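S.K.: Quick one: this structure, given as structure tokens, is what I'll be asking you about.
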Amino acid sequence: MTRLSSYANRGQDLEDMIEQTNQQYLRQGKTLVQKIPTPIKQISKIKNGQFRAVYDKKSTVDYIGIHKGIGIAFDAKETKVETRFDLKNVKDHQYLHLASWTANGGIGFLIVWFSSLDEFYYLPFELLDKYWQGKLQGGRKSIPYEEIAKDEYEIKQGTGLVLIDYLEVVERMIDIV
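Take the position in the sequence shown, starting the count at 1, then add 33; the result is the number in the numbering used here.
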């Protein structure tokens, strides 16, 4: 597995790494992916332009974009657990958004960072859905590490001009579809 521990050790979180990667992709003319802000509602002013706010409503997923004419939607998830990815990390509204997205011809996925292992993986919606449906029927509430940590899902780190090259995996998934 490729490691990028220097970035992780400097405290750069997953969303920062993805944002930097998205900017690199945009500069290279590869794709357009944007971070979707969580809707907030201002409840009071404090001072100097600061205010108190609450989340106004549930958002969709963290990132939406387009690549080679196909819509992509994904969320970024970090886990310190080395043996599994807990489904409780995915909110119902996020799952439902990805389900709708893929049902309408888009590619939906999660980027899962096993931070204690410093490994990044592409978790396709289809695999998430398999375990989600199982959970609803009383089955596992997590996806085993071995199901995710497959070569075809590994996101390479620090290759070329991007920090975490998730687009390389997306392109392979487009070729499969």
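The C-beta atom is built at its ideal place from N, Cα and C for all residues, glycine as well. As the structure is a prediction and not an experimental result, all values here were calculated from the model.
(1) Where DSSP assigns a beta bridge to Q67, which residues make up the other side?
(2) Could you name the residues of the same chain whose beta carbon sits closer than 8 Å to that of E48, not counting the 5 residues immediately before and after it, in chain order?
(3) Could you tell me the alpha carbon to alpha carbon distance between R60 and K101, rounded to whole angstroms?
(4) Does the region 111-119 come close enough to the region 141-159 to have 3 or more Cβ pairs within less than 8 Å?
(5) Can you name the start and end residues of the alpha helix (DSSP H) that S149 belongs to?
(6) Just grab the DSSP bridge partners of T112 for me.
(7) Note down the Cα distance separating I188 from K80, rounded to an integer number of angstroms.
(8) According to DSSP, is S175 helix, strand or coil?
(9) When you compare only the Cα positions, how much space is there between L143 and F158?
(10) Assuming D119 is part of the beta strand (DSSP E), what are its boundary residues?
(11) Rounded to whole angstroms, what's the CA-CA distance from I99 to K124? Just pull it up for me.
(12) Is the CB-CB distance between K174 and L120 below 7 Å?
(13) Tell me which residue opens and which closes the alpha helix (DSSP H) that D49 is part of.
(14) Name the two residues that bound the continuous alpha helix (DSSP H) containing L160.
M.R.: Concretely, from the data shown:
(1) Position 34 of the sequence shown, counted from the first residue, corresponds to residue 67. BP columns for Q67 point to I97.
(2) In the sequence shown, counting from the first residue as 1, residue 48 sits at position 15. Contacts found: K68, D95, A109.
(3) Within the sequence shown, numbered from 1, the residue matching residue 60 stands at position 27. Within the sequence shown, numbered from 1, the residue matching residue 101 stands at position 68. Take the alpha-carbon of R60 and the one of K101: they are about 16 Å apart.
(4) Contact annotation: the region 111-119 touches the region 141-159, with at least three C-beta pairs closer than 8 Å.
(5) Position 116 of the sequence shown, counting from 1, holds the residue named residue 149. Per DSSP, S149 belongs to no alpha helix (DSSP H) and is neither H nor E.
(6) Along the sequence shown, read from residue 1 onward, the residue named residue 112 stands at position 79. According to DSSP, T112 bridges with F147.
(7) As a first step, residue 188 is located in the sequence shown; it is residue number 155 there, counting from the start. As a first step, residue 80 is located in the sequence shown; it is residue number 47 there, counting from the start. Each residue's Cα considered, the two are about 43 Å apart.
(8) Working through the sequence shown from its first residue, we reach residue 175 at position 142. DSSP places S175 in strand when its eight states are reduced to three.
(9) Residue mapping note: residue 143 aligns to position 110 of the sequence shown, counting from 1. Residue mapping note: residue 158 aligns to position 125 of the sequence shown, counting from 1. Per the coordinates, the alpha-carbon of L143 lies some 7 Å from the alpha-carbon of F158.
(10) By 1-based counting over the sequence shown, the position of residue 119 is 86. Run containing D119: 117-119, per the beta strand (DSSP E) assignment.
(11) Taking the sequence shown and counting its residues from 1, one reaches residue 99 at position 66. Taking the sequence shown and counting its residues from 1, one reaches residue 124 at position 91. If I take the Cα positions, the gap works out to 23 Å.
(12) The residue given as residue 174 occupies position 141 in the sequence shown. The residue given as residue 120 occupies position 87 in the sequence shown. Against a cut-off of 7 Å, the Cβ pair of L120 and K174 comes out as a contact.
(13) As a working mapping, residue 49 is identified with position 16 in the sequence shown. From DSSP, the alpha helix (DSSP H) with D49 extends over 47-60.
(14) Residue numbering aside, residue 160 sits at position 127 when the sequence shown is read from its first letter. Its alpha helix (DSSP H) spans residues 158-169.
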